[in-house]
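Chemist:
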Amino acid sequence: MANPLLADTPGEIHLLLGNEAIVRGAVEAGIQVVTCYPGTPSSEVPDTFYRLSPEGKYYFEYSVNEKVAMEVASGATVSGAMTLCTMKHVGVNVAADPLLTLCYVGAPGGLILLSADDPGCHSSQNEQDNRIYARLAGMPVLEPASAQEAKNMARDGLLLSKKHGAPLLLRTTTRVNHLRGPVEFGPAPDPGKPEGFKRNPSKFVPIPAFARPMHLALMERMEALREEAEQSPYNTVSGQGDLGIVCSGISRAYVADALDNAGLAAKVSVLNLGFSNPLPERLCLDFLKSASKVLVVEELEPVVENELRVLAQKNGVEIEILGKDTLPRYGEFNVTMVENAIRELVGEEVLPACDCEMPELPTRPPNLCAGCPHRGTYYAARKVFGDDALYSSDIGCYTLGLLPPLKTADFLICMGSSISAGGGASKVNDKPVVAFIGDSTFFHSGLTGIANAVFNSHDVLVVVLDNRTTAMTGHQPHPGVDKTVIGENDHPLDIESAVRGLGVTEIRNVNPFNQKKTVAAFEELKEMKGVRVLIAKEPCPLYARRVYKKVSPQVAYVADTCNGRFECLDHLACPAMYKEGGKAAVNPILCNGCMLCLQVCGHIKAKKRGS
Amino acid sequence: MSDTKKVRIFMTGVGGQGTLTATTLLAKTALSQGLPVTSGEIHGMAQRGGVVESTVLIGCASPKIGTGEADILVGFEPMETMRALPYLKPGGLVLSSTEFLPPLSVAMGQQECPTIDDIRKAVSACTDKVYFMASQSIGLKAGAVQAGNIAMLAALCAAGELPFGPEALAETIKANLPEKIQAVNLKALELGVKALEA
């Protein structure tokens, strides 16, 4: 039986995650090619396509990084294939180079870039608002607020993109990606074969002579799309009243609930912008003229707000426009926050703040899992370097090495920066620099960093934390893996050969659970200069259990001889360990049997699991 | 949408407890009753022992619950119940487990957890509609520790604040969970309803 997401079953209703709804929308449009680099909160879109790929009628790949994903997608769409490219907001920075020029070249087959933004930094290093990229690149933008819209906008966006040959931004935020709601399916016809490439250098090769007219064509295309936005069913006006609210994205849901709660639905007029770029100027101008005052409700940057101010000024409309002076420019909104902003504007009493007195509670910060091999690597590094080294960290689970007692992250910028920023730091500090990078991140953007470090004679010890998967975002495959949930990797790349090929001569391989050898390798490399690489290889235990069906036959336990010095807890901070009656103890359910603690304290022993 | 009585349920627990499975089952139950439902979840790094927060909202457009907005707070771990109290609407319903999963700082002896009495007191200061239950023990009694979450959902359905009862949840379990774990979860459902009455 076909998976419900692929089946041609119009009229059925399923409860879907926003990200699954996007998959269904793409299938309904006739998606032919999907490329991505995983990243929370976008990951369930490609992961669902991947899982369904054996029965789907599309080509799917996990690309090595977002730039490559965008470029593969570009080649597909210029060849007439309907294409989806997915990433998280910071991924668009990586893909920005091909993206901005692809908007000149165009997308004959149709192309959506899904950018999953993360207001509130639930799982990201910044809050950047990628609607601004759309203005910079010249892309139409759809912003869903429900699972149903996520599905419909993915479908309609792809069809609109194909109609105009315009790459389109589907801009979601964490709440939309990770909400669940009912989705009514439409038909899912067979997409057939892509049309194929039609040679036309003046259209597809942006040398300066061709790029200049391409830019003009892009601007004309955006004017045609503005007309689409004027007519779009995703842009609606509802209610009536002197106060006007303009909202986009998930803020539309907050506004709807806020008006409902406050009983103001009939006293306020609302302009909902689901198709928010290019701005439907006639629609907006009529709205501005109908209101005495306008509040713009949009998370993060004042993008629509500023465009409305420009529109009003150009057209001589004198109206007070409020936005970021009333609602914050950072983080997420919620219903009460929006409701109070509206109440204040209409002169109603605001809701009281929560007065629940809350004592300080112990925090529950995320921690490296029990049995995580990175703990072994970090423990050894700290033993050898202590606080004397600068630890340059990177993006992945292993960033959690930041926390005490391991404390192995001193600075972090972006994917791949451990090596290059570490190299920069090595040029201006006397301390040794140790850079940590995961295996997926290494293939994403560590290779160029190594080449740069070798070429420029940086003095950096690079530790590749190779846990055989992209652990952070949900165990997606990357070029180095040998096995995945749906089969073997036909062309596994070897990290050591890659590093050697890039000119590194001092390379050591260790299993981080062998402390003696890992410490010895760190000590040896510490004495050297230049670019040295330590590859610490051991699979992520969660992944090993799922994919290799590997579970350690043993677990650790603390012998009665424990003298309560707690070196195990104080130095490893393994979540399977705890204090009990003045002694250390191991929770056998959480213990993954890595046996690192046995090497830290002689009072910890191994026993057969379940005994 | 506005003719459906709005119910906002905030759920919280610790990564690995099955909080998200419980959330989805409850949302599916609401959908099976023809109710407009939205749910949300935040689980960036939850697999690594962090806090998991999720929501089920009936009759609302938003998937998010802000402070003071929840009609119902379900805490699958007592300290997380206490941490989430600011989300509760004054006088809302609280359903909480009594069994702690201490965070690392507590396991290491660097910080102390509040006692269950502290937690009862804090909850009582916000509302008098409170049910506590030993959900993990109930889960184990039913046959699997994770089924404790289903016991709590069952108690929630039986508490009379939702537009459906535990029978609707039983139907969702039968329709959505793999056959081999249905019996355990149906048993947990039964025990959960009993725990509420006790």
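So the sequence lines, in the order shown, correspond to chains E and L.
Start counting the first sequence at 1; every next residue gets the next number (the UniProt record's numbering).
Start counting the second sequence at 1; every next residue gets the next number (the UniProt record's numbering).
Beta carbons: idealized from backbone N, C-alpha and C, even for Gly.
The structure presented is a predicted model; accordingly, all values stated were derived computationally and were not measured.
#1: Can you tell me where the alpha helix (DSSP H) with GLY422 (chain E) in it begins and where it stops?
#2: Note down, in chain order, every chain L residue with its Cβ under 8 Å from the Cβ of SER146 (chain E).
#3: Tell me which residues share the same chain as ARG532 (chain E) and place their Cβ nearer than 6 Å to its Cβ, disregarding the 5 neighbours each side in the sequence.
#4: If you check the beta carbons only, do THR24 (chain L) and GLY59 (chain L) fall under 8 Å apart?
#5: Taking buried to mean at least 16 other C-beta atoms within 10 Å of its own C-beta, is ALA46 (chain L) buried or exposed?
#6: Could you tell me the alpha carbon to alpha carbon distance between THR470 (chain E) and GLY480 (chain E), rounded to whole angstroms?
#7: In this structure, does DSSP put THR77 (chain E) in helix, strand or coil?
#8: Write down the C-beta distance between GLY371 (chain E) and GLY593 (chain E) rounded to the nearest angstrom, noting that I regard them as a contact closer than 8 Å.
#9: Quick one, which of E:THR101, E:CYS85, E:ALA265 and E:ASN315 has its alpha-carbon nearest ARG282 (chain E)'s?
#10: Can you check the segment 42 to 80 of chain L for any beta strand (DSSP E) of at least 3 residues that lies completely inside it and give the ranges in chain order?
#11: Which residue's Cα is closest to the Cα of MET82 (chain E): E:THR101, E:TYR59 and E:GLY18?
#12: For GLY109 (chain L), go through chain E and note every residue whose CB falls closer than 9 Å to its CB, in chain order.
#13: Spatial neighbours of MET1 (chain L) within its chain, please: CB distance less than 8 Å, with the 5 preceding and 5 following residues excluded, ordered by chain position.
#14: Would MET595 (chain E) be called buried (16 or more neighbouring beta carbons within 10 Å of its own) or exposed?
#15: Taking the straight line between their C-alpha atoms, what separation do you get for ASN514 (chain E) and LEU465 (chain E)?
#16: Taking ILE245 (chain E) as the reference, which of E:CYS284, E:ASN277 and E:LEU216 has the closest Cα?
#17: Helix, strand or coil: how does DSSP classify PHE442 (chain E) here?
#18: Going by DSSP, what residues sit across from ASN277 (chain E) in a beta bridge?
#19: Grouping DSSP H, G and I as helix and E and B as strand, with all else coil, what is VAL434 (chain E)?
#20: Cβ closer than 7 Å: which chain L residues qualify as neighbours of ASP491 (chain E)?
#21: How big is the Cα-Cα spacing for VAL7 (chain L) and GLU66 (chain E)?
#22: Expressed to the nearest angstrom, what Euclidean distance is found between the alpha-carbon atoms of ALA353 (chain E) and GLY530 (chain E)?
#23: At 8 Å on the CB atoms, spell out the chain E contacts of THR24 (chain L), in chain order.
#24: For the candidate residues E:ASP388, E:ALA258 and E:LEU308, whose alpha-carbon lies nearest to that of ALA409 (chain E)?
#25: Since I believe ALA188 (chain E) is in contact with ASP8 (chain E) (beta carbons under 8 Å), could you give me their beta-carbon distance rounded to a whole number of angstroms?
#26: Three or more C-beta pairs under 8 Å: does that hold for the segment 26 to 33 of chain L against the segment 162 to 170 of chain L?
#27: Quick check: what's the CA-CA separation for CYS562 (chain E) versus MET108 (chain L)?
#28: Determine whether the Cβ of VAL551 (chain E) lies closer than 8 Å to any Cβ atom of chain L.
#29: Which residues in the same chain have their Cβ closer than 8 Å to the Cβ of residue 612 (chain E), if we skip the five residues on either side of it in sequence?
#30: Run through chain E and tell me which residues come within less than 7 Å of ALA27 (chain L), C-beta to C-beta.
#31: For ILE250 (chain E), which three-state DSSP category applies?
#32: Could you compute how far the alpha carbon of GLU318 (chain E) sits from the alpha carbon of VAL237 (chain E)?
#33: Return helix, strand or coil for ASP257 (chain E), following the three-state DSSP convention.
#34: If I measure Cβ to Cβ from GLY183 (chain E) and keep anything under 6 Å in the same chain, skipping five residues before and after, which residues do I get?
#35: Report yes or no: is there a C-beta of chain A within less than 8 Å of the C-beta of LEU196 (chain L)?
Modeler: Judging by the given coordinates:
#1: Under the DSSP assignment, GLY422 (chain E) falls in the alpha helix (DSSP H) whose first and last residues are 417 to 428.
#2: Residues of chain L whose Cβ lies closer than 8 Å to the Cβ of SER146 (chain E) are, in chain order, THR38 and ALA61.
#3: Around ARG532 (chain E), the same chain offers LEU461, GLU506 and LEU525 as residues with beta carbons nearer than 6 Å, after the five sequence neighbours per side are excluded.
#4: It is not a contact, given that the beta carbons lie outside the stated cut-off.
#5: Note that ALA46 (chain L) has pLDDT 49, beneath the 50 cutoff, so the model's placement of it is unreliable and the number below is only indicative. Under this definition ALA46 (chain L) is a buried residue.
#6: Their backbone Cα atoms lie some 10 Å apart in a straight line.
#7: DSSP, read as helix, strand or coil, puts THR77 (chain E) in helix.
#8: That pair is a contact at about 7 Å.
#9: The shortest Cα separation from ARG282 (chain E) among E:THR101, E:CYS85, E:ALA265 and E:ASN315 belongs to E:ASN315.
#10: Qualifying beta strand (DSSP E) stretches, in chain order: 51 to 58 and 70 to 75.
#11: For the set E:THR101, E:TYR59 and E:GLY18, the Cα lying nearest the Cα of MET82 (chain E) is the one of E:TYR59.
#12: What GLY109 (chain L) touches in chain E: PHE566, LEU569, TYR578 and LYS579.
#13: Annotation note: pLDDT 47 at MET1 (chain L) (below 50); position unreliable, coordinate value reported separately. For MET1 (chain L), where only same-chain residues beyond five positions count, the Cβ hits under 8 Å are PRO36, GLY59, CYS60 and ALA61.
#14: By the neighbour-count rule (16 or more Cβ atoms within 10 Å), MET595 (chain E) is buried.
#15: Their backbone Cα atoms lie some 14 Å apart in a straight line.
#16: Out of E:CYS284, E:ASN277 and E:LEU216, E:CYS284 has the C-alpha closest to the C-alpha of ILE245 (chain E).
#17: PHE442 (chain E) carries a helical assignment under DSSP once its states are collapsed to helix, strand and coil.
#18: Partner residues in the beta bridge of ASN277 (chain E), as assigned by DSSP, are E:VAL141.
#19: Residue state for VAL434 (chain E) is assigned as strand, using DSSP reduced to three classes.
#20: Per the sequence shown, residue 491 (chain E) should be read as His rather than Asp. The contacting residues do not exist; HIS491 (chain E) stays about 29 Å from chain L at best.
#21: When only Cα atoms are considered, VAL7 (chain L) and GLU66 (chain E) end up about 40 Å apart.
#22: Rounded to whole angstroms, ALA353 (chain E) to GLY530 (chain E) spans 58 Å at the Cα level.
#23: LEU15 and ARG180, listed in chain order.
#24: It is E:ASP388 whose Cα lies nearest to the Cα of ALA409 (chain E).
#25: Confirmed, Cβ separation roughly 4 Å.
#26: A contact exists between the segment 26 to 33 of chain L and the segment 162 to 170 of chain L.
#27: Whole-angstrom Cα-Cα distance: 15 Å.
#28: So no, VAL551 (chain E) is outside the interface.
#29: Outside the shown range of chain E (1 to 611) lies residue 612 (chain E), about which nothing can therefore be said.
#30: Within 7 Å of the CB of ALA27 (chain L), the CB atoms of chain E belong to LEU15 and ARG180, in sequence order along the chain.
#31: If DSSP states are grouped into helix, strand and coil, ILE250 (chain E) belongs with coil.
#32: Rounded to whole angstroms, the gap between the alpha carbons of GLU318 (chain E) and VAL237 (chain E) is 21 Å.
#33: For ASP257 (chain E), the secondary structure class from DSSP, reduced to helix, strand or coil, is helix.
#34: The sequence given here places Val at residue 183 (chain E); Gly does not occur at that position. Spatial neighbours of VAL183 (chain E) in its own chain (CB-CB distance under 6 Å, excluding positions within 5 residues in sequence) are listed in chain order as HIS14, LEU16, ALA21, ALA147, GLN148 and LYS151.
#35: Looking for chain A here will not work: the only protein chains present are E and L.
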